[in-house]
DNA sequence: AAATAACGCAACCGCGGTCTC
DNA sequence: AGAGACCGCGGTTGCGTTATT
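As structure tokens, then:
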């Protein structure tokens with residue numbers, strides 16, 4: 001099936017954003033909230049592709065962005081999460097409040113890769129350089145990691161991960177210790193909404209949600225009907241954010 | 001001081017997943 | 001059921017800045 005372009009390319013600006021464009025985008029989103037990126041540029045009076053607007057907002061203009069240098073703690077957390085999740089930058093970014101997937105991806109490629117190489121570790125496998133040439137070990141490692149990524153990022157539940165580890169445990173592989181270390185990592189998301197500071201948009205959401213909390217389970221890969229129990233019970237979900 | 005190489009980051013592109021009709 | 005529309009992600013590119021010669 002052919003897909004039509006997301007916007008009229010002939011009449012859109014490309015390249016770096018001007019201050020005026022930024023201001024227009026910020027003003028529009030502050031007034032109307034995020035969403036419907038396709039129609040946003042026209043409504044905001046921007047000669048930009050909707051995707052471009054989304055990217056600019058998410059990676060640069062969002063008010064809750066931290067910016068500035070990464071701390072040593074953030075470095076180590078990124079390394080840990082990458083060893084578990086691989087190049088799933090959006091999932092990793094979900095664990096670092098105020099950081100974007102693009103920022104982390106860039107930071108990984110420019111700093112952390114080098115850091116790991118200096119430690120004698122392969123940035124992809126997180127194993128000592130040279131050891132990765134052992135194909136059996138590598139295959140088994142990437143296999144279990146792939147399984148975990150699938151479990152976290154698809155619609156599976158955390159209990160499935162525990163099951164898989166128990167299974168591995170019973171088979172007595174050396175991966176078990178490593179897997180258990182991963183499980184020590186708290187992957188529960190805690191996020192703040194970008195519009196907490198803007199009562200108008202928060203209020204606009206209330207009728208749709210039915211209550212003044214927003215369930216973020218979906219961002220962990222859970223569908224509301226699965227792991228999340230907050231739907232029938234107001235504010236029962238641990239991942240609900242009070243507005 | 002000028003040339004050029006290396007680096008860092010913002011932005012773009014293409015694809016896959018999900019939703020809607 | 002499936003076609004089309006939309007969104008979000010990961011990989012890549014391009015350009016401005018900084019370091020080096």
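In UniProt numbering, the protein residues as written are 1 to 243.
From the three backbone atoms N, C-alpha and C, an ideal C-beta is built for every residue, glycine too.
All values derive from a computational prediction rather than experimental measurement.
*So what does residue 121 bridge to, in DSSP terms?*
In the DSSP output, where bridge partners are listed per residue, residue 121 has 128.
*What is the DSSP secondary structure of residue 38, counted as helix, strand or coil?*
In the structure shown, residue 38 sits in coil (DSSP, three-state: anything other than H, G, I, E or B).
_Rounding to the nearest angstrom, what Cα-Cα distance links residue 29 and residue 116 in this structure?_
When rounded, the separation of the alpha-carbon atoms in residue 29 and residue 116 is 39 Å.
*Report all residues from its chain with a CB closer than 8 Å to the CB of residue 126; omit the five preceding and five following residues, and keep chain order.*
So the list reads 79, 82, 83 and 116, once near-sequence residues are dropped.
*Grouping DSSP H, G and I as helix and E and B as strand, with all else coil, what is residue 22?*
Secondary structure at residue 22: helix, using DSSP grouped into helix, strand and coil.
*Inspect the beta-carbon positions of residue 67 and residue 98 and report whether they are closer than 9 Å.*
Going by beta carbons, residue 67 and residue 98 fall inside the 9 Å limit.
*What number of angstroms, rounded off, separates the C-alpha of residue 119 from the C-alpha of residue 111?*
Cα to Cα, residue 119 sits roughly 13 Å from residue 111.
*Can you tell me whether DSSP reads residue 100 as helix, strand or coil?*
Three-state result, residue 100: coil.
*In whole angstroms, what is the alpha-carbon distance linking residue 14 and residue 63?*
CA-CA distance, residue 14 to residue 63, rounds to 23 Å.
_Using C-beta distances below 8 Å, list every residue in its chain close to residue 12, excluding the 5 sequence neighbours before and after it, in chain order._
Short of 8 Å from the beta carbon of residue 12, and not among the five residues preceding or following it, lie these beta carbons of its own chain, in chain order: 41, 47, 48, 49 and 52.
*Helix, strand or coil: which one does DSSP assign to residue 106?*
Helix at residue 106.
*Take residue 56 and list the residues in its own chain whose beta-carbon comes closer than 6 Å to its own, dropping the five residues that flank it on each side.*
Within the same chain, residue 56 has close Cβ partners 17.
*Taking C-alpha atoms, which residue in 102, 121 and 45 lies nearest to residue 20?*
Put simply, of 102, 121 and 45 the residue whose alpha carbon is nearest the alpha carbon of residue 20 is 45.
*What is the DSSP secondary structure of residue 13, counted as helix, strand or coil?*
In this structure, residue 13 counts as coil in the three-state DSSP scheme.
*May I ask which residues mark the beginning and end of the alpha helix (DSSP H) holding residue 53?*
Taken as a continuous stretch (DSSP letters only), the alpha helix (DSSP H) holding residue 53 covers 50 to 56.
*Anyone know if the C-beta pair for residue 65 and residue 25 falls short of 9 Å?*
With contacts defined as CB atoms closer than 9 Å, residue 65 and residue 25 fail to qualify as a contacting pair.
_Cα-Cα separation, residue 59 to residue 129_ = Each residue's Cα considered, the two are about 33 Å apart.
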